[in-house]
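Heads up, the thing below is written out as structure tokens.
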Amino acid sequence: MIMIYATKQHDPFIYFMTSRILLRILLLIFLILLCGLMLDYSVYLMPDASFATHQTGKKHWTYDTTGIPYYFYEGYGPQRNPLFIGAEVIYHSQNRGLLGVSDFDRAKEQNDIRIALSNADWLLDNAHSRGNYSLVTYNFKPPGYDIDPPWGNAMAQARAILAMVEAHKLTNDSKYLDGAKRLLNAFYVDVKDGGIAHKSDHDGWWYEKNASREGPEPRILNGMMACLRDLYSYYEYTHDMDAKILFEKGILSLRNNIDRYYIDEPPFYGYSYYDAFGKPAPEHYHKYHVGLLSSLLEKQEDPVLRTYYDLWKAYDGPFPEAGMQTVGNASKNHTDFGNLLELVNPTLKTMIKALSNDNITQALEQTRLVEKQLLQANLTHVITTGVVNPS
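The numbering used here puts the sequence shown at residues 502 to 892.
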């Protein structure tokens with residue numbers, strides 16, 4: 502500032518130009534911060550495709566000359582992860598051209614477009630064509646699960662579909678929507694047939710994050726919910742009824758099975774499981790579950806999902822230690838309403854029975870009665886005493 506003041510005394514023109522440059526820099530910084538507040542990329546990039554690739558360095562990341570990432574996995578070295586590649590498309594497409602109209606800003610926008618399309622084209626070229634559908638696959642074992650490659654990932658599949666949407670927005674090239682449709686068709690194929698869906702006539706369709714014909718069925722919660730969110734976003738863009746059907750079948754499965762992911766015993770009472778094997782969710786994944794439920798409820802209200810959203814959002818107990826594999830007995834597959842009825846007080850029983858009978862009006866009335874108690878008191882105390890005060 503002293504230098505600017507001195508310049509003003511000696512050369513008003515230089516002072517004027519310098520001030521304009523400084524104001525432009527300050528405006529640029531302000532816009533960057535504002536965009537960071539307005540654009541919540543974490544919903545697509547965290548925690549599975551870490552936003553840290555664009556914020557806190559690239560310790561485990563590297564990129565080729567076209568901007569396509571490798572991620573380093575212990576025991577496998579640098580690998581392509583289709584989920585992360587899809588996230589790159591979304592990030593660079595939605596983050597382009599936000600800073601201004603200078604030559605630098607226009608160059609940045611063109612570079613973002615180039616990187617987005619490079620990643621989108623990689624997904625198109627590397628999706629395996631099988632009849633009327635295409636499948637993105639992985640060439641290494643998923644961390645924490647004994648699944649041999651290649652294996653499919655419904656979450657990455659849905660993310661690739663959204664990547665095609667972003668590429669179509671940038672180019673209006675029909676090849677991207679054609680590719681998205683082939684990727685969508687994979688959701689109709691059962692895991693046992695090489696697809697990514699666990700299909701049930703009465704229980705809905707669960708979309709598997711780690712899908713393998715011969716491997717286990719972890720049925721990872723965050724993968725299922727992120728998949729449903731992205732399927733609905735694709736439907737909103739294309740109005741493809743297949744996407745709406747797949748979303749509805751998935752919501753039915755999530756609604757019927759979400760109780761399996763509710764920890765109903767100390768020390769994590771009211772917390773969420775990561776998978777169907779009883780692995781407690783790491784803290785950031787528990788918060789991710791809450792965020793994903795919020796996104797789904799914005800797209801379609803559901804009293805069952807709303808109940809678990811409120812319960813998990815209100816959790817304020819201890820968090821599992823890193824690396825904890827199981828807690829309690831989640832793998833007992835307690836999906837029947839009767840098992841849950843044994844744990845809760847009479848008012849909650851009425852609510853859940855109403856839900857099981859599709860009496861939504863009665864269920865919503867009961868939900869209002871217990872909502873305040875559940876959010877303000879310890880759930881263990883409610884179950885132990887049977888006290889519900891609707892006032």
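Virtual Cβ for every residue (Gly too), placed ideally from N, Cα, C.
Distance between residue j and residue i (C-alpha atoms, nearest Å)
{"i": "P583", "j": "P650", "result": "14 Å"}
{"i": "Y708", "j": "T638", "result": "15 Å"}
{"i": "K693", "j": "K700", "result": "10 Å"}
{"i": "A659", "j": "K710", "result": "10 Å"}
{"i": "G779", "j": "A744", "result": "30 Å"}
{"i": "G696", "j": "K814", "result": "33 Å"}
{"i": "Y571", "j": "N627", "result": "14 Å"}
{"i": "R607", "j": "P768", "result": "54 Å"}
{"i": "A654", "j": "A687", "result": "A quick correction: the sequence has Asn, not Ala, at residue 654. One C-alpha to the other measures close to 11 Å."}
{"i": "P783", "j": "D622", "result": "33 Å"}
{"i": "D613", "j": "S594", "result": "7 Å"}
{"i": "Y917", "j": "P781", "result": "Beyond the ends of the chain as shown, which are 502 and 892, falls residue 917; an answer cannot be given."}
{"i": "Y689", "j": "N633", "result": "11 Å"}
{"i": "I721", "j": "D776", "result": "4 Å"}
{"i": "N757", "j": "Q611", "result": "46 Å"}
{"i": "V805", "j": "G587", "result": "31 Å"}
{"i": "I616", "j": "M656", "result": "22 Å"}
{"i": "E822", "j": "A664", "result": "34 Å"}
{"i": "I662", "j": "N596", "result": "18 Å"}
{"i": "L732", "j": "A698", "result": "14 Å"}
{"i": "D803", "j": "H790", "result": "16 Å"}
{"i": "Y574", "j": "N723", "result": "21 Å"}
{"i": "E718", "j": "Y564", "result": "32 Å"}
{"i": "R631", "j": "R761", "result": "33 Å"}
Where the beta strand (DSSP E) containing residue i begins and where it ends
{"i": "Q580", "result": "578-580"}
{"i": "Y775", "result": "That residue, Y775, is in no beta strand (DSSP E); it is neither H nor E in DSSP."}
{"i": "F573", "result": "570-574"}
Buried versus exposed call for residue i [16 or more other C-beta atoms within 10 Å across all chains shown]
{"i": "H740", "result": "exposed"}
{"i": "S635", "result": "buried"}
{"i": "S773", "result": "buried"}
{"i": "E766", "result": "exposed"}
{"i": "T808", "result": "buried"}
{"i": "E667", "result": "buried"}
{"i": "E589", "result": "buried"}
{"i": "H669", "result": "buried"}
{"i": "P644", "result": "exposed"}
{"i": "S619", "result": "buried"}
{"i": "P819", "result": "exposed"}
{"i": "H629", "result": "exposed"}
{"i": "D578", "result": "Inspection of the sequence shows that residue 578 is occupied by Gly rather than by Asp. Answer is exposed; the Cβ neighbour count stays below 16."}
The alpha helix (DSSP H) enclosing residue i, as first and last residue numbers
{"i": "T808", "result": "804-814"}
{"i": "R660", "result": "655-672"}
{"i": "Y736", "result": "722-739"}
{"i": "Y564", "result": "Counting along the chain, Y564 falls outside any alpha helix (DSSP H), though it belongs to the beta strand (DSSP E) covering 562-564."}
{"i": "F585", "result": "583-595"}
{"i": "F748", "result": "742-758"}
{"i": "K676", "result": "675-686"}
Residues sharing a beta bridge with residue i, DSSP
{"i": "K700", "result": "W706"}
{"i": "H629", "result": "L636"}
{"i": "P491", "result": "The chain is shown only over 502 to 892; residue 491 falls outside these bounds and no answer can be derived."}
{"i": "A608", "result": "According to DSSP, which records beta bridges pairwise, A608 is partnered with nothing at all."}
{"i": "A621", "result": "Looking at the DSSP assignment, A621 forms no beta bridge with any residue, so it has no partner."}
{"i": "Y763", "result": "S773"}
{"i": "A712", "result": "G653"}
{"i": "D817", "result": "Per DSSP, none; premise fails for D817."}
{"i": "D691", "result": "A698"}
Residue-level contact to chain C via CB, residue i, 8 Å cutoff
{"i": "I721", "result": "Of the protein chains in the structure, only one exists, and it is not chain C."}
Exercise. Are there three or more Cβ pairs, one per stretch, closer than 8 Å when the region 780-796 is compared with the region 725-741?
Worked result: The region 780-796 is in contact with the region 725-741.
For this session: Evaluate contact between the region 677-691 and the region 753-766, counting only Cβ atoms and requiring at least three cross-stretch pairs below 8 Å.
Result: No, they do not touch.
For this session: Would you check if there are 3 or more beta carbon pairs closer than 8 Å linking the region 712-720 to the region 638-648?
Result: With the cut-off at 8 Å, the region 712-720 and the region 638-648 touch.
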